[in-house]
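Notes to accompany the following structure.
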Amino acid sequence: MVQKETTVDADFDKGPYLTSLVEEMLEPYDPSPKAVIQVSVAIDEIFSNIVRYSGAASIVVRNQYDESTGMFSMAFIDNGVPYNPLDKKDPDVTLSAEDRQIGGLGIFLVKKTMDNVTYERKGNENYFTIYKKMK
Amino acid sequence: MKIEQTRDNSTLTLALEGRLDTLTAPELEQVVNSNLDGLTALVFDFAKLEYVSSAGLRVLLSAQKKMNKQGSMQVKNVCAEIMEVLDITGFSDILTIV
Chain Z
1 MVQKETTVDA DFDKGPYLTS LVEEMLEPYD PSPKAVIQVS VAIDEIFSNI
51 VRYSGAASIV VRNQYDESTG MFSMAFIDNG VPYNPLDKKD PDVTLSAEDR
101 QIGGLGIFLV KKTMDNVTYE RKGNENYFTI YKKMK
Chain D
136 MKIEQTRDNS TLTLALEGRL DTLTAPELEQ VVNSNLDGLT ALVFDFAKLE
186 YVSSAGLRVL LSAQKKMNKQ GSMQVKNVCA EIMEVLDITG FSDILTIV
């Protein structure tokens, strides 16, 4: 099991850094390129969501990879306002361009492409965790 | 992300390279909006695009709505990973993918 924890400012500019950390961590294990792309998209969705809505000044990310199962997990921890994006109703993806609302599409995408997604409020912190099989 | 613009009269082709996400989507939006005058065909070339997140989808939707009023829009060379994103979000029905 490999694990790495990093704290970053709640700043949109830090998104690519988080993606590069994950890519570096997984690279030695020859992960599925498709899974890496899906995780990268999930990082953009979740991180930008927290930066936009939480009001937290910084965000802790806890990356974990289990070589025996190929399961990667990434927890986003912030001490902002309680906010569970999983409470949001899924968007209607059958509407025409004119009727489309873009809100909620990012988290919907994360739910559809990750193997599991969890939210917990612990003390004064939000824990949003994604799980993805990399093999 | 790199955006290569080719304007041929009323047709604009935007070849995107890299990642279309929260950080890069505003730049694309600006390029689209500043080229709308007299535009009747907008073509996105995704051949070198690695991925699209919802921030990028928002720009594509906005561009599609604008081009519905003044011409047409096409997206070409979509890789399997991006196609999956378009399928999940229903964007494959909204966009014209060639």
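Residue numbers (the working numbering), protein chains in the order written: chain Z, 1 to 135; chain D, 136 to 233.
Backbone N, C-alpha and C define an ideal beta-carbon position, used for all residues, glycine too.
Residue of the options minimising C-alpha distance to residue i
i, options, result
"valine 167(D)", "Gln199(D), Tyr186(D), Gly153(D) and Glu185(D)", "Gln199(D)"
"phenylalanine 179(D)", "Asp228(D), Val220(D), Gly173(D) and Ser207(D)", "Ser207(D)"
"lysine 204(D)", "Leu177(D), Ile217(D) and Ile223(D)", "Leu177(D)"
"methionine 134(Z)", "Ile102(Z), Ser68(Z) and Ser58(Z)", "Ser68(Z)"
"glutamine 101(Z)", "Val213(D), Ser197(D) and Leu163(D)", "Ser197(D)"
"glutamine 222(D)", "Lys112(Z), Ser40(Z), Leu86(Z) and Val2(Z)", "Going by the sequence as given, residue 222(D) is aspartate instead of glutamine. Ranking Lys112(Z), Ser40(Z), Leu86(Z) and Val2(Z) by Cα distance to aspartate 222(D) puts Lys112(Z) first."
"asparagine 212(D)", "Leu230(D), Phe181(D) and Ala150(D)", "Phe181(D)"
Cβ-based burial, residue i [other Cβ within 10 Å; buried from 16]
i, result
"lysine 132(Z)", "buried"
"asparagine 126(Z)", "buried"
"valine 51(Z)", "buried"
"glycine 123(Z)", "exposed"
"leucine 95(Z)", "exposed"
DSSP three-state assignment for residue i, whether helix, strand or coil
i, result
"glycine 15(Z)", "helix"
"asparagine 170(D)", "coil"
"threonine 113(Z)", "helix"
"isoleucine 232(D)", "strand"
"glycine 206(D)", "coil"
"serine 136(Z)", "Shown here, chain Z extends from 1 to 135; a query on residue 136(Z) therefore has no answer."
"isoleucine 234(D)", "The structure shown does not extend to residue 234(D), since chain D is modelled only from 136 to 233, so the question has no answer here."
Beta-bridge partners of residue i, as assigned by DSSP
i, result
"valine 2(Z)", "Tyr65(Z)"
**Q.** Given 8 Å, three or more beta-carbon pairs between the region 186–200 of chain D and the region 155–165 of chain D
**A.** yes
(Q) Tell me whether the region 93–106 of chain Z and the region 50–68 of chain Z touch, counting them as touching only if at least three CB pairs, one residue from each stretch, are closer than 8 Å. (A) no
Q. Given 8 Å as the limit, is there contact between the region 137–144 of chain D and the region 19–32 of chain Z, that is, 3 or more CB pairs closer than that?
A. no
Q. On the three-pair Cβ rule with 8 Å, is the region 141–149 of chain D touching the region 114–121 of chain Z?
A. no
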